[in-house]
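Numbering (the working numbering), first residue to last: 165 to 403. Accompanying notes for the structure given below.
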Amino acid sequence: MTDAKPLEGLLALVTGASKGIGAATARALGAAGAHVVLTARDVKGLEEIEDAIHGAGGTSTIAPLDLTEPDSVARLAAAVGGRWDKLDYLIISAAYLPQLTPVTQIDPKQLSQAMTVNVLATQALLAGFDPMLKRAEAARIIGLTSSVGTTPRAYWSAYGSTKAAFENILDSYAQEVEKLSPIRVAVLDPGATRTAMRAKAYPGEDPATVKSPDVVAERIVALVQQDFPTGHRERVENQ
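Okay, structure coming up:
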């Protein structure tokens, strides 16, 4: 008989867990048995996701966090490390999308925020949780990216450049730990997905024409249970 709770006893941390793909992934991990640490700025949103996880029989802990605040990730890592010995899954879903503009008209403040959330916070997460990840038997790190990170597109440079750096950091870390631990790192492009960020970028699009975040979440839950080669990349196609 297949175990209905394959992730029972495992710990997952999801950034951007108050909405969109992060929220769907947190719910899916909770349904699979993992205890999920939910992080995002939106406390009310986190509480709603926590209620949904608990209502479905799962367990979670909310950890409100603003990735733009100095040392916020270090404080989170200290708090999580003080309660648990290891971290099995780190899902980096939080991201900031600046206004789509020509390169010559990029807002420096928005670019700075994108760099902080999409790049600097990623490095801080890897640095802060590295010890806990290395203590897990089969830790998995899944970073959510965008196709504009590898394929530049007009008007998307403020976002795409930060996603290129995001992927570079994850790939470099993957190579650094590959022979030292069983940690596996994957970069996942969710493709067109029904999220608030997607609606911001494509305001005229019919949301019914793109897939639900639940589709991406299901793929992430399946992926963390696989022994994929570190540095793995894939795209979740529309269904």
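The beta-carbon is built from N, C-alpha and C at its ideal position, and this holds for glycine as well.
Within the same chain, and ignoring the five residues on either side of Pro371 in sequence, the residues whose Cβ sits closer than 6 Å to its Cβ are Arg358. About 11 Å separates the Cβ atoms of Gly194 and Val201, ruling out a contact at the 8 Å cut-off. If you look at Tyr253, you'll find it in the beta strand (DSSP E) that goes Tyr253 to Ile256. The segment 252 to 260 makes contact with the segment 305 to 320, as at least three CB pairs between them are under 8 Å. For Gly307, the pairing in a beta bridge is given by DSSP as Ile256 and Val351. Under the three-state reduction of DSSP, Thr225 is assigned to strand. Of all alpha-carbon atoms in Leu264, Ala196 and Pro234, the one lying nearest the alpha-carbon of Met361 is that of Leu264. By the Cβ criterion, the segment 260 to 277 is not in contact with the segment 243 to 252, since fewer than three pairs of Cβ atoms, one from each stretch, lie closer than 8 Å.
Your pair Ala381 and Arg191 checks out as a contact, with CB atoms roughly 7 Å apart and the cut at 8 Å. In this structure, Gln274 and Ala322 form a Cβ contact; the two beta carbons are roughly 6 Å apart against a cut-off of 8 Å. Proximity to Arg397 across Leu171, Thr232, Gly197 and Thr314 peaks at Thr314, based on C-alpha coordinates. 8 Å or more divides the Cβ of Ile185 from the Cβ of Pro316. Under DSSP, Val244 takes part in no beta bridge, so it has no partner. Residue environment: Gly368 is assigned as exposed (fewer than 16 neighbouring CB atoms within 10 Å of its CB, all protein chains considered).
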